[in-house]
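Per this note's numbering, the very first residue in the sequence shown carries number 31; after that it's consecutive.
Yeah, the Cβ is synthetic: ideal placement off N, Cα and C, and Gly gets one too.
Working notes, beginning with the structure itself.
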Amino acid sequence: MLKISSALRGTFKDFIPQLTWWKRLVLVAVPLFSAGFAYFQSSAIWPAILGDEWVYSTNSRHAPPGEPIIGATSNSIYNFVFSVTNLCGPEFYQCTKALNSLFFAVFVLMVFLVSLRFLPFWYSTTLALAAGVSSLSVYVSLFLPESMFYATIGIFIWLVVIGIEDWKPATWTLAGVSLGIASLVKPHAWFGLGALVIFGLVYIAFNIRDWRKILSLGLLVVVSALIARLTLALLLGSNDLLRIFGQYFDAGNIEEIVGGGGEEQASNPMASLLDFFPGMLLNQLGVVLSLVILPLMAAVSFFIRRGVRDLHGREANFLMLVLVWLGFMVIAVALFQAYVTAQGDDHALRVVLRYYEYLIPFLWIAALMGAKALSESGSSAWVRWTLVVASGVILNWVFIDFYNTVQIQIADAPSVAGLIGSQLSTSLMWTIVPLVLLTFGVFPRFFGVAALAASVLISGALGQGTFEQYRIARGEQSAADRAGLYWAQSDFQSLTSEMVVIGPSRFDATLAAFWVDEGDIDFEIVPPGTYDLSTWPDELARYFLVIGQDTVLTGGVVEHSGEGFTLYSKE
């Protein structure tokens, strides 16, 4: 019994750093502060990512976890957990924000724990706070799986970091289980497995004698991830057993892409996808470089000065993991965007960063590790200034040319929206980054302090910039909000199956449907004008909730006229 107890204590020490009591309080307080701060910031923001929020709300609140009403999104665990918002009644949206804030706290805790394995306590505290006030916190406001996904993928990263230090099968098994769980929150978690495979191959290239160990541990991750996923899917009664990537890669979609869509592409079946890929890749690179040029520069300098001589070290392994993960995600997401564009959902000018935006805090950890290596071993002036000049050229290209050629949506890339949509953020970037670059070139021993300060200032500015844009766009009720809330609180609620929402845009229609909150609502998108209800094709519809004052229905009865909306019924 004593041996078992001792073994458990030893395992626990591998996972949780040994800290004094007051440092433990800080370890808990920083994530909780981040959660409270994010909730406070988001509490007055109305639904903004329609119809995605409508889809996730409908599936989690009005259907069994594994049987979504809308789409085949492979989010069984997310649906199961967020079905608890049904207990909150009309306040379900605020309950969603509260749940999201708790998951965001878990993510910040994972950043803290990973950082503590490589950096001094106060450096780690500062980086965790930077993550807590960054643009990642805006997902707390939205009925989307991102907050829960970042928490679960953060746990996976934490376990992988421990795994590449102790190489114990138990650790890698837990990492696989966490990945399986994350994949039922959002199928994009499987991208993390791809990144881990590439990292394993790179590691084997420098440690060829360990190939059997790495291969066996890799298989252990895959098997444990699949078992965890299948087990949980069965327990939830899910149809996600084999739909690993949700609706994105089912047989019909793959056939459509491979088929090429026409005779002209028949001789080259993947042309419809590959034609889009170079542009998508350039877009991803531009966004990533604008956000993490300092961490990338520090990581490169680490390998130049120290990593090449120490590829077996735990710090070098972590840096290699983060850089490989980032590179893999840039390519994978570019391919994914090309794929959905080839299907007809045009992403040609969009930049979807949210699938791997969670890597940004871990890249800042890498930056401080690189700075630490510089202060300990120094660096050649020509290496430093080469990196400084290269960074300056890249940033000039990104801000002067690149951002004039893409469409930045807050939902796709909150950090980027906070960067280029806020004058404060842009000014800070143009002030802070050159100063940090000069510090790197002239005073490399102070680069760590400069980078640490930059991480907080830049993250905070991006977070506030993104929240400010949300407040401007969705800080007040719209006509669609009022229409949906009126129906949900009126005596007509029991007649929802006989009601159609009519809006001038999909945003307005799904926003009203979100507040009606009765499952898969019928809605129609019609341009402003006058329409005769007697000719309406849907014989089952008796009530018509019309958004906007420029759309008028004749041949019916006005049941209620509100601010910006009208409820009609057939005579």
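Leaving aside the five residues before and after residue i along the sequence, list all residues of the same chain whose C-beta is less than 6 Å from its C-beta, in chain order.
i	result
D552	V530
P47	L146
L266	P95, G96, S106, F110
V479	none
V370	H377
L468	none
What span of residues does the alpha helix (DSSP H) with residue i cover, start to end?
i	result
K243	241 to 265
T469	453 to 472
E548	No alpha helix (DSSP H) holds E548; DSSP gives it neither H nor E.
F221	220 to 236
Y86	82 to 91
G184	176 to 196
S421	411 to 430
F142	122 to 146
Y153	151 to 162
I46	Looking at the DSSP string, I46 is not in any alpha helix (DSSP H), and its letter there is neither H nor E.
V354	344 to 372
Considering only the alpha carbon of each residue, which of the options lies closest to residue i?
i	options	result
G594	V111, Y86, A510	A510
S179	V252, S104, Y233	The question names Ser, yet the displayed sequence has Phe at residue 179. Comparing Cα-Cα distances from F179 to each of V252, S104, Y233, the minimum goes to S104.
S72	G586, G505, F473	G505
L139	F186, V556, A128	F186
L351	A263, E195, I424	E195
P77	L157, L55, Q124	Q124
A128	V215, F142, A68	A68
A397	L214, F348, A235	F348
G400	V163, W355, L482	L482
Y385	L159, A59, G222, L319	G222
H89	W152, W202, V215, Y153	Per the sequence shown, the amino acid found at residue 89 is Asn instead of His. When each option's Cα is compared against that of N89, the closest is V215.
Y516	L458, L311, T596	T596
M327	F306, G309, L353	L353
L159	A135, E601, F148, Y169	A135
A364	W52, D305, F112	D305
Q437	M359, Q507, T540, M310	M310
Which value, in whole angstroms, describes the spacing of the CA atoms of residue i and residue j?
i	j	result
G493	L166	7 Å
I75	E498	10 Å
I488	S455	7 Å
G206	W84	31 Å
R339	H92	Any reading at R339 needs caution, since the residue's pLDDT is 49, under 50, leaving its predicted position unreliable; the model's value is listed next. Whole-angstrom Cα-Cα distance: 57 Å.
R344	Q523	60 Å
V317	R380	11 Å
T126	V413	49 Å
D550	S527	9 Å
W415	F332	15 Å
V322	S599	55 Å
G366	G374	The question names Gly, yet the displayed sequence has Phe at residue 366. Approximately 13 Å between the Cα atoms of the pair.
Q295	L583	Here Q295 scores only 37 on pLDDT, less than 50, and its place in the model should not be relied on; the value that follows carries that caveat. Their backbone Cα atoms lie some 46 Å apart in a straight line.
F473	L324	15 Å
S564	C118	39 Å
L172	F133	13 Å
N237	A161	34 Å
F544	S131	21 Å
G586	E569	14 Å
G248	F307	29 Å
V466	V428	18 Å
I244	G193	11 Å
Y388	Y169	11 Å
At a Cβ threshold of 8 Å, is residue i touching chain B?
i	result
V227	Reference to chain B is not applicable here, since this structure consists of a single protein chain.
Using a threshold of 8 Å, state whether the C-beta atoms of residue i and residue j are closer than that.
i	j	result
P6	Y108	Shown here, the chain extends from 31 to 601; a query on residue 6 therefore has no answer.
T461	I532	no
I577	D521	no
L204	L226	no
S246	G210	no
G514	V546	yes
L383	D442	yes
R512	G592	yes
L449	G490	no
L250	W202	yes
Starting from residue i, trace the beta strand (DSSP E) both ways and give me its first and last residue.
i	result
S599	595 to 600
V530	529 to 533
E589	586 to 592
D562	559 to 562
F173	It is not in any beta strand (DSSP E) - F173 carries neither H nor E in the DSSP assignment.
Y573	573 to 577
F553	553 to 555
Can you give me the Cβ contacts of residue i inside the same chain, cut-off strictly under 8 Å, excluding the 5 residues immediately before and after it?
i	result
P464	G422
P558	P534, G578, D580, T581
E293	Note that E293 has pLDDT 38, beneath the 50 cutoff, so the model's placement of it is unreliable and no number is given.
Excluding sequence positions up to five away, which residues of its chain have a Cβ less than 7 Å from the Cβ of residue i?
i	result
S208	T182, I185, F186, L189
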